[in-house]
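Heads up, the thing below is written out as C-alpha coordinates.
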Amino acid sequence: MDIRNKIDTKTLRAILFEVANIVNNRPLTGTLIHDVEEEIMTPNRLLTMKGPLLALPPGDFPTINVYSSKRWKVAQAVADKFWKAWKAEYFETIMHRQKWTDVQRNIKVGDIVSVVDENTARNDWKIGRVSNTFPGKDGLVRKIEITLGNRWLDRKGKPIELPTVLSRPISKVILLLST
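The sequence shown begins at 1 in UniProt numbering and counts up by one.
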(Lines of atoms letter the chains of each structure in order from A and count residues from 1; the text may use other names and numbers.)
(Lines give C-alpha, C1' and ligand atoms only; values in the text may rest on other atoms or scores of the structure.)
Protein backbone atom coordinates (compact mmCIF):
# COMPACT_ATOMS: atom_id res chain seq x y z
CA MET A 1 0.00 0.00 0.00
CA ASP A 2 1.44 3.36 -1.01
CA ILE A 3 0.56 5.67 1.86
CA ARG A 4 2.59 8.74 0.94
CA ASN A 5 -0.32 10.41 -0.82
CA LYS A 6 -2.91 9.46 1.81
CA ILE A 7 -1.59 10.94 5.04
CA ASP A 8 -3.19 14.13 6.25
CA THR A 9 -2.74 15.86 9.61
CA LYS A 10 -5.36 13.81 11.47
CA THR A 11 -4.02 10.53 10.11
CA LEU A 12 -0.47 11.55 11.02
CA ARG A 13 -1.64 12.34 14.55
CA ALA A 14 -3.22 8.89 14.82
CA ILE A 15 -0.03 7.27 13.50
CA LEU A 16 2.13 9.16 16.00
CA PHE A 17 -0.18 8.14 18.86
CA GLU A 18 0.10 4.49 17.82
CA VAL A 19 3.89 4.72 17.50
CA ALA A 20 4.21 6.40 20.92
CA ASN A 21 2.02 3.68 22.41
CA ILE A 22 4.19 0.96 20.86
CA VAL A 23 7.44 2.45 22.15
CA ASN A 24 6.05 3.22 25.61
CA ASN A 25 4.39 -0.17 26.02
CA ARG A 26 7.65 -2.14 25.93
CA PRO A 27 8.67 -3.84 29.17
CA LEU A 28 11.33 -2.12 31.19
CA THR A 29 14.12 -4.65 31.16
CA GLY A 30 15.23 -5.89 34.52
CA THR A 31 13.65 -3.14 36.58
CA LEU A 32 10.57 -3.20 38.74
CA ILE A 33 9.63 -6.74 37.71
CA HIS A 34 8.84 -8.53 40.95
CA ASP A 35 6.31 -11.13 39.90
CA VAL A 36 5.31 -12.27 36.42
CA GLU A 37 1.71 -12.59 37.55
CA GLU A 38 1.67 -8.85 38.26
CA GLU A 39 1.36 -6.29 35.49
CA ILE A 40 4.69 -5.74 33.74
CA MET A 41 6.11 -2.26 34.34
CA THR A 42 6.22 -0.14 31.18
CA PRO A 43 6.78 3.58 30.53
CA ASN A 44 3.02 3.90 29.83
CA ARG A 45 2.26 2.34 33.20
CA LEU A 46 4.69 4.69 34.97
CA LEU A 47 3.13 7.70 33.26
CA THR A 48 -0.52 6.79 33.74
CA MET A 49 -0.35 4.42 36.75
CA LYS A 50 -2.86 2.27 34.87
CA GLY A 51 -2.65 -0.99 32.92
CA PRO A 52 -1.61 -1.16 29.29
CA LEU A 53 -3.28 1.09 26.76
CA LEU A 54 -5.15 -1.26 24.50
CA ALA A 55 -5.63 -0.57 20.85
CA LEU A 56 -9.21 -0.58 19.69
CA PRO A 57 -10.08 -3.68 17.70
CA PRO A 58 -11.19 -3.27 14.11
CA GLY A 59 -14.93 -2.76 13.99
CA ASP A 60 -17.85 -1.86 11.78
CA PHE A 61 -17.74 1.67 10.52
CA PRO A 62 -20.91 3.50 9.53
CA THR A 63 -21.11 4.40 5.86
CA ILE A 64 -21.36 8.07 6.84
CA ASN A 65 -17.86 7.92 8.28
CA VAL A 66 -16.08 6.20 5.37
CA TYR A 67 -13.28 8.77 5.17
CA SER A 68 -12.46 8.34 8.86
CA SER A 69 -12.38 4.55 8.51
CA LYS A 70 -9.92 4.86 5.61
CA ARG A 71 -7.74 7.15 7.74
CA TRP A 72 -7.87 4.67 10.59
CA LYS A 73 -6.92 1.77 8.32
CA VAL A 74 -3.96 3.73 6.92
CA ALA A 75 -2.83 4.64 10.46
CA GLN A 76 -3.09 0.99 11.53
CA ALA A 77 -1.13 -0.21 8.48
CA VAL A 78 1.68 2.27 9.18
CA ALA A 79 1.68 1.35 12.88
CA ASP A 80 1.92 -2.36 12.00
CA LYS A 81 4.92 -1.69 9.73
CA PHE A 82 6.54 0.38 12.47
CA TRP A 83 5.88 -2.39 15.05
CA LYS A 84 7.59 -5.04 12.93
CA ALA A 85 10.63 -2.88 12.18
CA TRP A 86 10.96 -1.44 15.68
CA LYS A 87 10.50 -4.78 17.43
CA ALA A 88 13.28 -6.32 15.33
CA GLU A 89 15.66 -3.44 16.08
CA TYR A 90 14.71 -3.26 19.77
CA PHE A 91 15.24 -6.98 20.29
CA GLU A 92 18.56 -6.73 18.47
CA THR A 93 19.78 -4.08 20.95
CA ILE A 94 18.90 -6.10 24.06
CA MET A 95 19.73 -9.56 22.77
CA HIS A 96 23.33 -10.73 22.44
CA ARG A 97 23.59 -12.89 19.30
CA GLN A 98 27.27 -13.53 19.17
CA LYS A 99 28.99 -16.85 18.91
CA TRP A 100 29.77 -18.15 22.36
CA THR A 101 33.54 -18.23 22.62
CA ASP A 102 33.46 -17.64 26.37
CA VAL A 103 31.32 -19.51 28.84
CA GLN A 104 28.17 -17.50 29.54
CA ARG A 105 25.83 -17.81 32.50
CA ASN A 106 23.16 -20.44 31.87
CA ILE A 107 19.55 -19.38 32.19
CA LYS A 108 18.21 -20.75 35.46
CA VAL A 109 14.81 -21.66 36.84
CA GLY A 110 13.20 -18.47 38.15
CA ASP A 111 14.79 -16.08 35.63
CA ILE A 112 12.47 -13.61 33.89
CA VAL A 113 12.58 -13.78 30.08
CA SER A 114 10.84 -12.24 27.09
CA VAL A 115 9.78 -14.61 24.32
CA VAL A 116 10.89 -13.60 20.83
CA ASP A 117 8.04 -14.39 18.45
CA GLU A 118 7.86 -12.88 14.99
CA ASN A 119 4.10 -13.44 14.83
CA THR A 120 3.02 -11.61 17.97
CA ALA A 121 0.36 -8.96 17.70
CA ARG A 122 1.30 -5.34 18.11
CA ASN A 123 2.20 -4.46 21.72
CA ASP A 124 2.01 -8.09 22.81
CA TRP A 125 5.05 -8.76 24.96
CA LYS A 126 5.22 -12.33 26.21
CA ILE A 127 7.05 -12.12 29.53
CA GLY A 128 7.45 -15.18 31.71
CA ARG A 129 9.37 -17.00 34.39
CA VAL A 130 11.64 -19.94 33.51
CA SER A 131 10.06 -23.04 35.06
CA ASN A 132 12.38 -25.73 33.67
CA THR A 133 15.68 -25.97 31.80
CA PHE A 134 16.95 -28.63 29.39
CA PRO A 135 20.74 -28.73 29.05
CA GLY A 136 22.47 -30.26 26.05
CA LYS A 137 25.22 -32.89 26.12
CA ASP A 138 27.74 -30.11 26.77
CA GLY A 139 25.92 -29.00 29.95
CA LEU A 140 24.73 -25.70 28.46
CA VAL A 141 21.02 -24.94 28.57
CA ARG A 142 19.61 -25.26 25.05
CA LYS A 143 15.87 -25.26 25.70
CA ILE A 144 13.62 -23.93 28.46
CA GLU A 145 10.02 -24.03 29.63
CA ILE A 146 8.49 -20.65 30.40
CA THR A 147 5.40 -20.02 32.50
CA LEU A 148 3.45 -16.99 31.32
CA GLY A 149 0.99 -15.37 33.70
CA ASN A 150 -1.99 -14.70 31.43
CA ARG A 151 -4.85 -12.65 32.78
CA TRP A 152 -8.32 -12.91 31.35
CA LEU A 153 -11.69 -11.56 32.38
CA ASP A 154 -14.55 -13.94 33.03
CA ARG A 155 -18.13 -13.17 31.99
CA LYS A 156 -18.64 -11.10 35.12
CA GLY A 157 -15.53 -9.02 34.45
CA LYS A 158 -13.43 -10.57 37.21
CA PRO A 159 -9.78 -11.28 36.39
CA ILE A 160 -8.76 -14.93 36.32
CA GLU A 161 -5.28 -16.40 35.98
CA LEU A 162 -4.65 -18.99 33.30
CA PRO A 163 -0.92 -19.76 33.33
CA THR A 164 0.48 -20.93 30.01
CA VAL A 165 3.63 -23.02 29.69
CA LEU A 166 5.73 -22.58 26.54
CA SER A 167 8.79 -24.51 25.44
CA ARG A 168 11.37 -22.44 23.55
CA PRO A 169 15.00 -22.75 22.46
CA ILE A 170 17.44 -20.33 24.09
CA SER A 171 17.79 -18.44 20.79
CA LYS A 172 14.12 -17.39 21.02
CA VAL A 173 14.22 -15.77 24.47
CA ILE A 174 15.80 -12.66 25.95
CA LEU A 175 16.95 -12.69 29.56
CA LEU A 176 15.42 -9.68 31.29
CA LEU A 177 16.14 -10.40 34.94
CA SER A 178 18.31 -13.08 36.49
CA THR A 179 17.55 -14.49 39.91
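Positions of the beta carbon are idealized from the N, C-alpha and C atoms, including for glycine. Here the structure is a predicted model, which means the values were calculated and not measured.
In its own chain, which residues sit with a C-beta less than 8 Å from the C-beta of residue i, not counting the 5 before and 5 after it?
i, result
"Val173", "Ile107, Val113, Ser114, Val115, Val116, Ile144, Ile146"
"Arg105", "Ser178"
"Ala85", "none"
From the DSSP output, read off the bridge partner residues of residue i.
i, result
"Ser114", "Ile127, Ile174"
"Glu145", "Asn132, Ser167"
Tell me which same chain residues have a C-beta within less than 7 Å of the C-beta of residue i, skipping the five on either side of it?
i, result
"Arg26", "Thr42, Tyr90, Trp125"
"Leu12", "none"
"Pro135", "Val141, Arg142"
Check whether the Cβ atoms of residue i and residue j lie closer than 8 Å to each other.
i, j, result
"Asp169", "Arg142", "The sequence as given places Pro at residue 169; Asp does not occur at that position. Contact: yes."
"Leu140", "Leu166", "no"
"Ala14", "Trp72", "yes"
"Arg45", "Asp80", "no"
Should residue i go down as buried or exposed, given a rule of 16 or more other Cβ atoms within 10 Å for buried?
i, result
"Asp111", "buried"
"Ile22", "buried"
"Val109", "exposed"
"Lys87", "buried"
"Leu16", "exposed"
"Asp8", "exposed"
"Leu176", "buried"
Please return the same chain residues whose Cβ sits closer than 6 Å to the Cβ of residue i, not counting the five positions on each side in sequence.
i, result
"Val19", "Phe82"
"Ala178", "Inspection of the sequence shows that residue 178 is occupied by Ser rather than by Ala. Excluding positions up to five away in sequence, the list reads Asp111."
"Pro131", "Residue 131 is actually Ser in this sequence, not Pro. Counting only Cβ-Cβ distances below 6 Å, and skipping sequence neighbours, we find Glu145, Thr147."
"Leu28", "Met41"
"Asn119", "none"
"Lys70", "none"
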